[in-house]
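A.B. asks: I have a structure here, written as structure tokens, and I will follow up with some questions on it.
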Amino acid sequence: AWYWAGHDAKALELSEQILSHTTAGSVHTEAAAVRILALVRSGRLDDAAETAEAMVAPLTNQPEMAAHRYAVAALQLARDDIAGAQESLARLIIFRARDPEWMPPALLLSARGYLRAGQSDVAREILDEIQLNYPASPWAKEAAEQAGGFAETPEHH
């Protein structure tokens, strides 16, 4: 919750406390993912990469797989590995499509990747999908703000 609210220092502190008391399992994996995300947003990519490399990737049927894939994708995108980020996000979207916590931010991160790759038409479709499928979420608001930067086209009015 601290990470999504933009409190990276608190998210980092809490995740490090959890990691110091656990060695495996879903809580450990999610804490490691939050640590990676907070480090990425703080610009500490090498520290984030070190945490990511130490993580054991959860199986696709485990709920914490979504947190893992999202964190890895955020790191990849921060390092300009757009193809790697999109692959990580595609796995999350395919295997955890009904995950209400991670699906909307994964779609938003995917849209950002497509924008950076110069595929604004695909990004716009994803932003529209977020607004349609998650209308009351903070992700829909963010998607609307990003979509507002697009010029109106005949197919998007």
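The working numbering puts the first residue of the sequence shown at -9, with every later residue one more than the last.
Virtual Cβ for every residue (Gly too), placed ideally from N, Cα, C.
No experiment lies behind these values; they were computed from the predicted model shown.
1. Could you tell me whether the region 59 to 66 touches the region 74 to 82, where touching means 3 or more Cβ pairs closer than 8 Å?
2. Which residue wins for smallest C-alpha separation from Q52, given the options T41, G15 and A(-1)?
3. Is the beta carbon of A28 closer than 8 Å to that of D(-2)?
4. Suppose the cutoff is 6 Å on Cβ atoms and the five residues either side in sequence are ignored; what does the same chain contact list for A1 look like?
5. Give me the Cα-Cα distance between Q136 and I116, rounded to the nearest whole angstrom.
6. Less than 8 Å between the beta carbons of L65 and A39, yes or no?
7. Return yes when the Cβ of A63 is within less than 8 Å of the Cβ of A75, no when it is not.
8. For S32, does the three-state DSSP call read helix, strand or coil?
9. Please go through the same chain and pick out, in chain order, the residues whose beta-carbon is closer than 6 Å to the beta-carbon of D37, but skip the five residues on each side of it.
10. Can you give me the Cβ contacts of L67 inside the same chain, cut-off strictly under 8 Å, excluding the 5 residues immediately before and after it?
11. Please report the distance separating the alpha-carbon of T12 from that of S127.
12. Taking 8 Å as the limit between beta carbons, can you name the residues of its chain near L35, skipping five residues before and five after?
13. Identify, in the order they occur along the chain, each residue of the same chain with its Cβ nearer than 6 Å to the Cβ of H18, setting aside the five sequence neighbours on each side.
14. Given a cut-off of 8 Å, decide if F85 and T41 are closer than it, judged by their beta-carbon atoms.
C.D. replies: Straight from the coordinates:
1. yes
2. G15
3. yes
4. W(-8), Y(-7), V24 and A28
5. 11 Å
6. yes
7. yes
8. coil
9. L29
10. A75, L99, R102, G103 and R106
11. 32 Å
12. L29, L65, A68 and R69
13. T12
14. no
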